[in-house]
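Presented below is the structure to which this report refers.
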Amino acid sequence: MNNVFEIVWISVQIIVGFYLVYPMILFLIFNLKSKKEISEVINSYNPDLDYAVIVTAYEQTHLLPETVNSILKLNYSRYHVYVVADNCDISKLEFLDPRVSVLRPEHILASNAKSHFYAIKRFVRQHDILTIIDSDNLVHPEYINELNSFFHKGYQAVQGVRAPKNLNTTLACLDAARDIYYNYYDGTLLFQIGSSATLAGSGMAFTVSLYKQCLEKIEIQGAGFDKVLQAEIVKREYVIAHAPGALVYDEKTSHSQQLVNQRSRWINTWFKYVRYGAELLLKGTLKLNGNQFLFGVTLLRPPLFIFILAAFCCMLLNLILGSWAAIYWLFAFLLFCLSFFIALREGGTSRKIYKSLLSIPRFISLQVVSLVYSRKANKRSIATKHI
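Note that my numbering has the sequence shown beginning at 22, numbered continuously upward.
Now the structure itself:
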């Protein structure tokens, strides 16, 4: 019995410790590997791709005018905007520009994927690409041009960068710091070393045919469509490109209740879809596919606060037991902190965000509350509500 306990204890420490140093491993691979050149490939795309810009809203519409106006300022001509206002009052929602269609589903969909397909079935014409924007986002004028630089090279799925739209509270700054961390390791580095960038829920684009192929026959309830979509794309041996210049400005969570509800949904989707990571890891191992293997490893990683707390507990237990392993845990924590600050440095982080890091303990405590509520997350809230 003692041997079994010892094996389990060592196994848990190895897994948790691995994810603590995983970002530094990616950083070292990136610096040891010759920088990836994104090569031109032969494809049938014309140089002027036609885009469907799908904007999804649930219950709230007050930010939509600002979002749509930013899209209409794109430095691009061939696109049409589809605003899917699910369970919304659209009586005061009017856009005079003929490039905008406002769609209100007859029945409540309460699902991003269902909203996307609702728009797809009502396209005013055949589009080459669809890009997904949240109702609280603002779009950079060069957004589509930046995406095109990857589609013209043969990629069929591209993730842009979600930059913070607001840094008005400490929580918003910490939320932005988290995004910078994930954007660097799960976006920039993963793509540059030959794997795929993870999807972020918005600021992403796909060929219409690939999107339909991946999700048309899958029923997705509640949040997490991006988790399913990214797994389906990589399973088909496509690479999700990372477009650092395709900027979408995202509303950061500013209040504690907002954060708890949002993180509850995100934690719920990780537990719900973590199996995709195991499937891709196994598939990548058997087929010697580096893209699937690395992406599977990444998808298996728990949310940031969970493995940080787990690592802290491991270090504390080793200290109590008087084990020398506590020194290794301390070294692993230092490596993680170094990797976190590397991401902030590379992301050109503002001083305001650096100052907010002092409040990380409170940020983590709120996410622990989110973990408690995660089981019934989709009953508590379907989408983040902004005041």
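The beta-carbon is built from N, C-alpha and C at its ideal position, and this holds for glycine as well.
Counting along the chain, the unbroken alpha helix (DSSP H) around Ile165 starts and ends at 164-172. Counting only residues of its own chain and dropping the five nearest sequence neighbours on each side, Ala134 has a CB closer than 6 Å to the CB of Leu236, Ile241, Phe246. For Gly266, the uninterrupted beta strand (DSSP E) run begins and ends at 261-271, by DSSP. For the options Gly317, Asn312, Arg286, the alpha carbon positioned closest to that of Leu301 is the one of Gly317. Here DSSP, grouped into helix, strand and coil, assigns Asp71 to coil.
Collapsing the DSSP output to three states places Leu159 in a strand.
By the Cβ rule, the region 280-288 counts as touching the region 388-396, because three or more pairs are nearer than 8 Å. Counting other Cβ atoms within 10 Å of its Cβ, Phe352 stays below 16 and is therefore classed as exposed. Restricting attention to beta strand (DSSP E) runs no shorter than 3 residues, the region 83-171 encloses them at 100-107, 121-124, 150-155, ordered along the chain.
Rounded to whole angstroms, Gln283 and Leu268 show a C-alpha spacing of 22 Å. Rounded to the nearest whole angstrom, the CA to CA distance from Leu168 to Leu93 is 16 Å. Classified as exposed, Lys54 has fewer than 16 neighbouring CB atoms from the shown chains inside 10 Å of its CB. Judged by beta-carbon spacing, Ile141 lies beyond the 8 Å limit of Phe172, meaning their Cβ atoms are not closer than that value. Cα atoms of Ala331 and Val37: separation of roughly 7 Å, rounded to the nearest angstrom. With contacts defined as CB atoms closer than 8 Å, Ile75 and Tyr103 qualify as a contacting pair.
Spanning the alpha carbons of Tyr259 and Gln177 requires a straight line of approximately 7 Å. Of all alpha-carbon atoms in Tyr375, Val249, Val389, the one lying nearest the alpha-carbon of Leu325 is that of Val389. Sequence-distant Cβ neighbours of Phe357 in its own chain, meaning closer than 6 Å and more than five residues away, are Leu41.
Rounded to the nearest whole angstrom, the C-alpha separation of Leu337 and Ala347 is 7 Å. Counting C-beta atoms within 10 angstroms of its own C-beta, Gly311 has fewer than 16 neighbours from the protein chains shown and is therefore classed as exposed.
Taken through DSSP and simplified to helix, strand or coil, Thr77 comes out as strand.
For Phe227, the beta-bridge partners assigned by DSSP are Leu151, Ala178.
Per DSSP, Val249 is one residue of the alpha helix (DSSP H) stretching across 246-256. Per DSSP, the unbroken alpha helix (DSSP H) holding Pro382 starts and ends at 381-394. In this chain, the alpha helix (DSSP H) harbouring Leu337 covers 325-341. The three-state reading of DSSP puts Arg322 in coil, since its state is none of H, G, I, E or B. Between Thr152 and Met45, the C-beta gap is not smaller than 8 Å, which leaves the two residues out of contact. Annotation for Glu240: no alpha helix (DSSP H) segment contains it, and DSSP assigns it neither H nor E. If you ignore the 5 residues before and after Val123, its C-beta comes within less than 7 Å of the C-beta of Val104, Ala106, Ile111, Leu114, Phe116, all in its own chain and listed in chain order.
In the three-state reduction of the DSSP assignment, Ala221 falls in the coil class. The alpha carbon of Tyr203 has as its nearest neighbour, out of Phe333, Cys109, Leu320, the alpha carbon of Leu320. Leu315 is the residue among Glu87, Leu359, Leu315, Arg372 whose C-alpha sits nearest the C-alpha of Leu210. With a cut-off of 8 Å on Cβ pairs, the region 212-226 is not in contact with the region 291-299, counting fewer than three such pairs.
Within the same chain, and ignoring the five residues on either side of Tyr270 in sequence, the residues whose Cβ sits closer than 6 Å to its Cβ are Leu159, Ala184, Lys186.
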